[in-house]
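These notes concern the structure reproduced below.
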Amino acid sequence: MSGMGSKLPRHFLDLDRFDAATLREVLDLGRAIKAGDAGADKPLAGKALAMIFEKPSTRTRVSFEVGIRQLGGEPIVLEPSGTQLGRGETVADTARVLSRYVDAIMIRTTKEEKLLELADHASVPVINGLTDRTHPCQLMADVMTFEEHCGSIAGRVVAWSGDGNNMAASWVHAAARFDFELRLATPEALRPPADVLEWAGAQSGGQVVVTSDVEKAVEGADCVVTDTWVSMGDDNGDSIRRHNLLKPYQVDQRLMDKAKPEAIFMHCLPAHRGEEVTDEVIDGPRSVVWDEAENRLHAQKGILLWCLES
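Encoded structure:
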């Protein structure tokens, strides 16, 4: 809870806003917590985290709520009906009020602009729990999971197959910051925003290759990643068109077999089995999706500790 005169808060908004060393520091915090080697038992005792959900969630809500409790803090969940945002209060005013009550704010929302406005006016750390543009907390869990199974992600090849959505955009940011090659196989009509790809092209770390040829993207990859074809907010009456466009990008066993024999499969969940991934792959020996889901908890604990400097 901060007032006038406090130092600037440590926000966690998007991976492209950080240098590689800082992201490594956050990831190492999460790993130390998972290993039981993070020092104080309840480092966030007495702290409160407000969690604003303008979009429904299972993993984000449960992992943040359990995580803050395990660190000794207290979560406060704010559904759309429990805030004034939907009844005319400005984002800035909500940021100012919440900053007087809690120690950090997590928001899961649609527009990136709302996240940024909240951060601009909050005097406590703001965490991006997801927007339609990016999903950085999930990417921290994904990098943690890859490295647990395969070692350092630096210099490795990750193949994305499917919609160029918010997860794909955060994978682009991660490729530059963690220095690996990302092959993005998407239909031309569903590619990540041009400015995200242009940003990647201007970075010195990593490499991002964009193609419509999914088999070429997956060939020899260390990891194959996909996500649902119709995300929340995408179903504007064109789900049939999206399914037709994305059908060739389904991750099945035949596609997985084009990656390295030891390649892993990742998916941020929820999965639409039989659409973007087959049962054989998501339930197969190369799938690490349950470890990936668990690591949301550990990676986000690292983010909370870093934001609150504990």
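Take the sequence shown: its letters are residues 2 to 311, numbered as in the numbering used here. Beta carbons: idealized from backbone N, C-alpha and C, even for Gly.
Under the three-state reduction of DSSP, Val158 is assigned to strand. For Gly130, the enclosing beta strand (DSSP E) has its first and last residue at 127 to 131. In the three-state reduction of the DSSP assignment, Leu99 falls in the helix class, which pools H, G and I. In the structure shown, the three-state DSSP call for Ser288 is strand. For Gln208, the enclosing beta strand (DSSP E) has its first and last residue at 208 to 212.
Beyond the five residues adjoining it in sequence on each side, Gly165 comes within less than 7 Å, by CB distance, of Leu185, Thr187, Leu191, Arg192, Pro193 in the same chain, given in chain order. Spatial neighbours of Ala294 in its own chain (CB-CB distance under 7 Å, excluding positions within 5 residues in sequence) are listed in chain order as Arg60, Leu270.
When Ala39, Leu72, Leu256 are compared, the shortest CA-CA separation from Glu281 is found for Leu256. In this structure, Lys56 is the residue among Ile154, Gly238, Lys56 with its C-alpha nearest to the C-alpha of Pro81. A contact is defined here as three or more CB-CB pairs under 8 Å, and the stretch 122 to 130 meets this definition with respect to the stretch 90 to 109. Within the DSSP bridge table, the entry for His268 names Thr227 as partners.
Just so you know, the alpha carbons of Ser162 and Ala218 end up roughly 8 Å apart. Put simply, the backbone Cα of Arg101 is about 26 Å away from that of Arg18. In this structure, the beta-carbon distance from Lys302 to Gly74 does not fall below 8 Å.
Taken through DSSP and simplified to helix, strand or coil, Glu295 comes out as helix. The stretch 203 to 214 and the stretch 136 to 150 do not touch, with fewer than three beta-carbon pairs separated by less than 8 Å.
By the criterion of a C-beta distance shorter than 7 Å, Glu220 is surrounded in its chain by Lys259, once the five residues flanking it on both sides are discounted. Taking the C-beta atoms as reference points, Thr111 is found no nearer than 8 Å to Thr84.
Judged by their CB atoms, Asp223 and Lys248 are not nearer to each other than the 8 Å cut-off. When the five nearest sequence neighbours on each side are left out, the beta carbons in the same chain lying within less than 6 Å of the beta carbon of Asp292 are those of Thr146, in order along the chain. Counting the other Cβ atoms within 10 Å of the Cβ of Arg242 gives fewer than 16, which makes it exposed. Residue nearest to Arg134 within the set Ala142, Asn167, Glu114 is Asn167 (criterion: CA-CA distance). Under the three-state reduction of DSSP output, Pro10 falls in the coil class, being neither helix nor strand. The stretch 45 to 52 and the stretch 15 to 32 do not touch, with fewer than 3 CB-CB distances between them shorter than 8 Å.
Glu66: member of the alpha helix (DSSP H) spanning 60 to 71, first to last residue.
Going by DSSP, Ala33 is part of no beta strand (DSSP E) but of the alpha helix (DSSP H) stretching over 21 to 35.
In the structure shown, the three-state DSSP call for Leu45 is coil. In this structure, Val173 sits near Val197, with a CB-CB distance shorter than 8 Å. Contact between Thr227 and Val252 holds: CB atoms are separated by about 5 Å, below the 8 Å threshold. Rounded to the nearest angstrom, the gap between the Cα atoms of Met141 and Gly285 is 23 Å.
Buried is the label assigned to Leu119, since at least 16 other Cβ atoms lie within 10 Å of its Cβ.
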